[in-house]
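Trainee:
Protein chains in written order, with this note's numbering: chain L, 847 to 1148; chain A, 585 to 917.
Dropping the structure here:
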């Protein structure tokens, strides 16, 4: 009976973190923030043990999670699902066994599995981008759009963008998938430049794609394009906005550091009596030359 | 064995062109006509330069792949290898920048690094396949994963970027040229001419075809099967290095998404061009047509809204399968 009255300092918690491998810039940044947060929290909370696993496909991620449950006996799982559908069943099984579930960014296909949901605002990402375009081109104009990999995320962003520019006089000449990839976007933009003699602006919708777009414009020597709007806050592009580059007047955030928010909140939920369940949406913010300095993370690879 | 005989002399020329010869040419002509009808800018010098220059990477690699496949091999690692070499080149050039400064020597240093890394990587694949006798598919599947991980690791999960001023200096290697023809196109043309001569006019080319056609017969005919295979992988590695030299100045960066699926594009171009996937017969000029066909399809799809962009991959798939069906008579004869 005496032991029950003692403070629970001796209690150990194990938290599993399962994320996709660094296969593109944004995921690379996410991996960086995950590793940094794991190291920092383990130093801060000696009684919390964090297990980090990166997977390069959904099947590998399921195996990672099964291993965490079987061999590490995790108390909480922080998961950024590679794809929603294949991960839903396995994560649900882990949740049913009494483990705390935090889902990040991409939701699962069945509602109510997760205790905490931390996500970026994809619809908002598109809306903020569209609103910037409308503000930057009050007279309207012709733009071309590069989309990401065909996914629900991409659809939500484009829907948000379309809603924001509706009735503004901005005319979308064409949309193609640049797959969040520099080379693909370079190719698509070269073809857009051949196809349209007059383009006023480009919504590249991602900074990796914006870099490919800029290279194509530069090579073609075209001066009709006034600006390119990327997104997600790559540090090189944030720096260009900060330094007043007229071609990169703004950026829209979709922070890879949201994984840090998710891990931190999960650990706080375990070790303290602060309630953390529910949904935490990280807003997409417009980055302009005025506020760019506070979105510049020099140590991040992204 | 008829496939081997055909490449040993000028016999190919004395026959009437069959569908295997006409197929890819016809497909290319149809694509050019379709492109010209869809968009007036399609035949502009700018568009043609763009398509040729960006096809040059896959093209240069595909010429090497033609030899590997003709000799009965396969290489799935070339896309990852290109990404890794590009990353290595950028690291070395950035590291040498403070001591060497911006100039031609540092660009030459980067080129030498790319060539050596390419040859080494090719020899490594070839060594495991020919000496350790591991299946080519398995070896190169393994190295594909290794190089992809290495470039991700080197870049710390992000992107390796060439120093901005150095990139500006190096940039003309992709974007400039002589007599209005961009360098990648010139290099591609030289690689093709040398490859065609090597394949159809030299002992090495005949040995490749003999090795791929029937390893045992080739061996008893005094062909050094092992060395022939090893050389094809080393040559492919060298050409991956050459392609990377052209690639780095374009965007000045390498990341884990560089060169994804290049191996499949190169293999598809080789097969569309009429080289037999099982080995024994290969033609470099056909590979060039294959590369151009794949490049033009992408270009035309980007120039029109006629097809949903979701279906781009399907269109390319249909063309690849059609091209192989047109060549079926070779297999059945």
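Using N, Cα and C, we set each Cβ at its ideal position, and we do this for glycine too.
Identify every residue that forms a DSSP beta bridge with residue 711/A.
Mentor: Here residue 711/A is taken as the residue at index 127 of the second chain, counted from 1. Paired residue(s): none; residue 711/A is not in a bridge.
Trainee: So which of 630/A, 637/A, 613/A has the shortest CA-CA distance to residue 773/A?
Mentor: Within the second chain, the letter at position 189 stands for residue 773/A. Answer by Cα proximity: 637/A.
Trainee: Helix, strand or coil for residue 767/A? Go by DSSP, reduced to three states.
Mentor: Counting from one through the second chain, the residue named residue 767/A turns up at place 183. Of the three classes helix, strand and coil, the one that applies to residue 767/A here is helix, per DSSP.
Trainee: From the beta carbon of residue 1028/L, is the nearest beta carbon of chain A less than 7 Å away?
Mentor: Your numbering for residue 1028/L matches position 182 in the first chain. True, the Cβ-Cβ gap to chain A drops below 7 Å.
Trainee: Between the stretch 977-993 of chain L and the stretch 1041-1059 of chain L, can you find at least three pairs of beta-carbon atoms closer than 8 Å?
Mentor: Counting Cβ pairs under 8 Å, three or more are found: they touch.
Trainee: Please say whether residue 857/A and residue 842/A have beta carbons closer to each other than 7 Å?
Mentor: By one-based count along the second chain, residue 842/A stands at place 258. By one-based count along the second chain, residue 857/A stands at place 273. Cβ distance not < 7 Å, so residue 842/A and residue 857/A don't count as in contact.
Trainee: According to DSSP, is residue 987/L part of a helix, a strand, or is it coil?
Mentor: Position 141 of the first chain, counted from the start, is the residue given in the question as residue 987/L. Residue state, collapsed to three classes: strand.
Trainee: My understanding is that residue 1112/L touches residue 861/L, with C-beta atoms under 8 Å, so please give their C-beta distance in whole angstroms.
Mentor: For the purposes of this step, residue 1112/L is identified with residue 266 of the first chain, where counting begins at 1. For the purposes of this step, residue 861/L is identified with residue 15 of the first chain, where counting begins at 1. At roughly 6 Å, the Cβ-Cβ gap stays under 8 Å, so residue 1112/L and residue 861/L are in contact.
Trainee: Along chain A, in chain order, which residues have C-beta atoms closer than 7 Å to that of residue 1125/L?
Mentor: The sequence position of residue 1125/L within the first chain is 279, counting from 1. The premise fails here: residue 1125/L is roughly 28 Å from chain A at the closest Cβ pair, so nothing lies under 7 Å.
Trainee: How about residue 818/A and residue 807/A: do their beta carbons lie closer than 7 Å?
Mentor: Here residue 818/A corresponds to residue number 234 of the second chain, with the count starting at 1. Here residue 807/A corresponds to residue number 223 of the second chain, with the count starting at 1. Against a cut-off of 7 Å, the Cβ pair of residue 807/A and residue 818/A comes out as no contact.
Trainee: Measuring straight from C-alpha to C-alpha, what distance separates residue 681/A and residue 697/A?
Mentor: Sequence index remark: in the second chain, residue 681/A carries index 97 (1-based). Sequence index remark: in the second chain, residue 697/A carries index 113 (1-based). Between residue 681/A and residue 697/A, the C-alpha separation is close to 14 Å.
Trainee: In three-state terms, what does DSSP make of residue 790/A?
Mentor: The residue you call residue 790/A lines up with position 206 of the second chain. Note: residue 790/A maps to helix in three-state DSSP.
Trainee: Mapping the DSSP letters down to three states, classify residue 665/A as helix, strand or coil.
Mentor: Start at 1 with the first residue of the second chain, and residue 665/A comes out as number 81. Looking at residue 665/A - three-state DSSP - the assignment turns out to be helix.
Trainee: Measuring only the C-alpha atoms, how far is residue 851/L from residue 732/A?
Mentor: Counting from one through the first chain, the residue named residue 851/L turns up at place 5. Counting from one through the second chain, the residue named residue 732/A turns up at place 148. Confidence at residue 851/L is low in this model, with a pLDDT of 47, below 50, so the placement of that residue should be treated as unreliable; the coordinate-derived value is given next. Rounded to whole angstroms, residue 851/L to residue 732/A spans 54 Å at the Cα level.
Trainee: With 16 other CB atoms within 10 Å as the buried threshold, where does residue 801/A fall?
Mentor: Sequence index remark: in the second chain, residue 801/A carries index 217 (1-based). When all chains shown are included, residue 801/A counts as exposed.
Trainee: Between residue 838/L and the rest of its own chain, which residues show a CB-CB distance below 8 Å, the 5 nearest in sequence each way excluded?
Mentor: Past the edges of chain L, shown from 847 to 1148, lies residue 838/L, and the structure says nothing about it.
Trainee: Can you tell me which of 1109/L, 1076/L, 979/L, 1030/L puts its alpha carbon nearest to the alpha carbon of residue 885/L?
Mentor: Taking the first chain and counting its residues from 1, one reaches residue 885/L at position 39. The shortest C-alpha separation from residue 885/L is found at 1109/L.
Trainee: By DSSP's criteria, residue 963/L is part of a beta bridge. Which residues make up the other side?
Mentor: Position 117 of the first chain, counting from 1, holds the residue named residue 963/L. DSSP lists 949/L, 1125/L as partners of residue 963/L.
Trainee: Helix, strand or coil for residue 1023/L, going by three-state DSSP, please let me know.
Mentor: Your numbering for residue 1023/L matches position 177 in the first chain. If DSSP states are grouped into helix, strand and coil, residue 1023/L belongs with the strands.
Trainee: Residue 778/A: which of 647/A, 863/A, 836/A sits nearest, CA to CA?
Mentor: Taking the first residue of the second chain as position 1, residue 778/A is located at position 194. Checking every option, the nearest Cα to that of residue 778/A belongs to 647/A.
Trainee: Anything in chain A within Cβ reach of residue 973/L, meaning under 9 Å, just list it in chain order.
Mentor: What you label residue 973/L is simply residue 127 of the first chain in a count that begins at 1. Within 9 Å Cβ-Cβ: nothing; residue 973/L doesn't reach chain A, min ~23 Å.
Trainee: Measure from the alpha carbon of residue 1065/L to the alpha carbon of each residue in 1076/L, 997/L, 1055/L, 1032/L, then state which is nearest.
Mentor: Position 219 of the first chain holds residue 1065/L. Of 1076/L, 997/L, 1055/L, 1032/L, the residue nearest in Cα terms is 1032/L.
Trainee: By the three-class DSSP mapping on this structure, what secondary structure does residue 602/A have?
Mentor: Translated into positions along the second chain, residue 602/A becomes position 18. Here residue 602/A sits in coil by DSSP.
Trainee: Quick one: which chain A residues come within Cβ less than 7 Å of residue 871/L?
Mentor: The residue you call residue 871/L lines up with position 25 of the first chain. Within chain A, the residues near residue 871/L are 742, 743, 839.
Trainee: Would you mind working out which of 897/A, 893/A, 891/A, 886/A sits nearest residue 625/A, comparing C-alpha positions?
Mentor: The residue labelled residue 625/A in the question sits at position 41 within the second chain. Out of 897/A, 893/A, 891/A, 886/A, 886/A has the C-alpha closest to the C-alpha of residue 625/A.
Trainee: Helix or strand or just coil, what does DSSP make of residue 841/A?
Mentor: Counting from one through the second chain, the residue named residue 841/A turns up at place 257. Here residue 841/A sits in coil by DSSP.
Trainee: Does residue 903/A have its Cβ less than 7 Å from a Cβ in chain L?
Mentor: If you number the second chain from 1, residue 903/A lands on position 319. By this cut-off, residue 903/A is not an interface position.
Trainee: Is the Cβ of residue 890/A closer than 7 Å to any Cβ of chain L?
Mentor: For the purposes of this step, residue 890/A is taken as residue 306 along the second chain, with counting starting at 1. No, no contact with chain L.
Trainee: Interface residues of chain A around residue 1022/L at Cβ under 7 Å?
Mentor: Residue numbering aside, residue 1022/L sits at position 176 when the first chain is read from its first letter. Residues of chain A passing the Cβ test: 886, 893.
Trainee: Can you list, in chain order, the residues of its chain with a C-beta nearer than 8 Å to that of residue 893/A? Leave out the 5 residues immediately preceding and following it.
Mentor: Counted from its first residue, the second chain places residue 893/A at position 309. Cβ neighbours of residue 893/A beyond the five flanking positions: 885.
Trainee: Assuming residue 898/L contacts residue 880/L under a Cβ cut-off of 8 Å, what Cβ separation, rounded to an integer in Å, is found between them?
Mentor: Here residue 898/L corresponds to residue number 52 of the first chain, with the count starting at 1. Here residue 880/L corresponds to residue number 34 of the first chain, with the count starting at 1. Indeed, because the Cβ distance is near 6 Å, the residues count as touching under 8 Å.
Trainee: Can you find a CB in chain L that lies within less than 7 Å of the CB of residue 759/A?
Mentor: Numbered from 1 along the second chain, position 175 holds the residue referred to as residue 759/A. It does: the Cβ of residue 759/A has a partner Cβ on chain L nearer than 7 Å.
Trainee: Pairs of beta-carbons, one from the stretch 738-753 of chain A and one from the stretch 612-625 of chain A, closer than 8 Å: are there three or more?
Mentor: Touching, no, given that fewer than three Cβ pairs across the two stretches are closer than 8 Å.
Trainee: I'd like to know whether the C-beta atoms of residue 651/A and residue 816/A end up nearer to each other than 7 Å.
Mentor: Here residue 651/A refers to the residue found at position 67 when the second chain is read from its first residue. Here residue 816/A refers to the residue found at position 232 when the second chain is read from its first residue. Yes. Within cutoff.
Trainee: Decide if residue 1140/L is buried, meaning its Cβ has at least 16 other Cβ atoms within 10 Å, or exposed.
Mentor: Reading the first chain from its first residue, position 294 is the one you call residue 1140/L. Counting Cβ neighbours within 10 Å, residue 1140/L comes out exposed, since fewer than 16 surround it.
Trainee: Check whether the stretch 1021-1031 of chain L touches the stretch 1058-1072 of chain L, counting contact only when three or more Cβ pairs, one atom from each stretch, lie closer than 8 Å.
Mentor: Yes, the stretch 1021-1031 of chain L touches the stretch 1058-1072 of chain L.
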